[in-house]
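Report on one structure; see the data block that follows.
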Amino acid sequence: IEAVHGCPSWWVSYNNKCFGSARPDASGTTFNTALGACRQVRANLALSFDSSSALKSAISSSGWSSLTKVWLGAADSSSGVYFLDANKFLVSSSGSLKFYSSSSSSSGCSTGSCRCVIYRFNSYYRENCWKDLRYLCSSSIGGESEFHNLTTLDRTLSSKKSSSSFFSFPYWSIGLIIGGLTVLAVFGTRMAFYHRAVAAQRRRETAGTGAGTRSDLPPAPPGSYPVQQQHPPPPPLQQPAAYDN
Numbered sequence: 150i151e152a153v154h155g156c157p158s159w160w161v162s163y164n165n166k167c168f169g170s171a172r173p174d175a176s177g178t179t180f181n182t183a184l185g186a187c188r189q190v191r192a193n194l195a196l197s198f199d200s201s202s203a204l205k206s207a208i209s210s211s212g213w214s215s216l217t218k219v220w221l222g223a224a225d226s227s228s229g230v231y232f233l234d235a236n237k238f239l240v241s242s243s244g245s246l247k248f249y250s251s252s253s254s255s256s257g258c259s260t261g262s263c264r265c266v267i268y269r270f271n272s273y274y275r276e277n278c279w280k281d282l283r284y285l286c287s288s289s290i291g292g293e294s295e296f297h298n299l300t301t302l303d304r305t306l307s308s309k310k311s312s313s314s315f316f317s318f319p320y321w322s323i324g325l326i327i328g329g330l331t332v333l334a335v336f337g338t339r340m341a342f343y344h345r346a347v348a349a350q351r352r353r354e355t356a357g358t359g360a361g362t363r364s365d366l367p368p369a370p371p372g373s374y375p376v377q378q379q380h381p382p383p384p385p386l387q388q389p390a391a392y393d394n
C-alpha cells in the first residue's frame with residue numbers, strides 16, 4: 150500500500166521517482182548483487198536523475214555519511230556512459246552530472262573491469278564492479294515493470310548502433326539501388342508482356358480481315374464472266390479423186 154500511494158518511509162521523492170536503498174542497514178555488496186536487491190523491491194539501481202540532490206537526500210535518509218560511495222544504475226560502454234535503461238548519462242556542461250574516468254576512487258582498476266558507476270560527494274567515478282559498496286535504487290510510484298542490467302544495456306546499445314550503421318552510407322544507398330533495380334525489372338517485364346499481347350491481338354485482327362475479304366465477296370452476276378470464242382468446225386474430209394487405171 151505504501152508503494153502504491155507514495156515512496157517507502159526511508160526513501161525520497163524526486164521528479165515522480167522514489168530513491169533509496171532496499172536495505173539501508175546492510176553492508177556493502179557488488180554491483181550485480183545490488184541489482185538483484187533493488188529488483189526484489191520492484192526497483193532498479195538509481196536511474197533517470199539529472200541532479201545529485203536526489204542522491205544526497207537518499208543517502209542522508211538512509212543514515213549514511215555524505216562521503217559514502219554508492220552504486221548507481223549507470224555504466225561505461227564503448228559508446229560512452231549510459232544509464233542501464235540506455236539513456237545517456239552525461240548532460241550538458243551546465244548540468245550537475247559529471248563523469249571522471251580516473252580518480253583515487255577508481256585507482257588500480259582497468260577500463261574493462263571498471264565500467265560500473267558510483268556516486269561519492271557530488272562526483273561520479275568508474276569503479277570495479279566486484280567491489281562491495283552500498284547502493285541506491287529508484288522506482289516509479291507503485292514499482293517498476295522493466296528491470297535493467299549490464300546485459301540489457303549492451304544489447305540495447307548494440308541494436309541502436311546496428312540500426313544507425315544500416316542507414317548510414319553506403320548501406321542505405323545500396324538498398325535503394327537494389328530496390329530501384331527490382332522495381333524497374335518488374336515494370337520492364339510487365340511492359341514486355343503487354344507489348345507482346347498487343348502485337349498478338351493485332352496479328353489476329355489482320356488475319357481475320359484478310360479471310361473476310363476472300364470469303365465474304367458476293368458472287369459475280371451471270372454473263373459477267375468472259376465468253377470463250379467459238380471456232381467453226383473443220384471442213385469434212387474430201388473423197389480421193391478417181392483415177393483411170
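Per the working numbering, the very first residue in the sequence shown carries number 150; after that it's consecutive. Ideal placement from N, C-alpha and C gives every residue a C-beta, glycine not left out.
Here A223 is bridged, per DSSP, to F232. Per DSSP, reduced to three states, the secondary structure at E276 is strand. In the three-state reduction of the DSSP assignment, I290 falls in the coil class. The three-state reading of DSSP puts T217 in coil, since its state is none of H, G, I, E or B.
A distance below 8 Å separates the beta carbons of V266 and V230.
Judged by pairs of C-beta atoms under 8 Å, the region 202–210 does not touch the region 297–308, as fewer than three such pairs exist.
When DSSP states are grouped into helix, strand and coil, G328 belongs to the helix group. Counting along the chain, C263 sits inside no alpha helix (DSSP H), nor does DSSP assign it H or E at all. Classified as exposed, N165 has fewer than 16 neighbouring CB atoms from the shown chains inside 10 Å of its CB.
Taking 8 Å as the cut-off, the beta carbon of R283 is found no closer than this to the beta carbon of S158.
Taken atom to atom, the span from the alpha-carbon of S200 to that of A334 is near 58 Å. With contact defined as three or more Cβ pairs closer than 8 Å, the region 331–345 and the region 209–229 are not in contact.
Listed in chain order, the non-local C-beta contacts of V219 below 7 Å within the same chain comprise I208, I267, Y268, L282, R283, Y284, L285, local neighbours out to five positions each way being set aside. In this structure, DSSP gives V190 a state outside helix and strand, which the three-state scheme calls coil. Non-local beta-carbon contacts of H297 in its own chain, meaning distances under 6 Å to residues more than five positions away in sequence, involve N193, L233, D234 in chain order.
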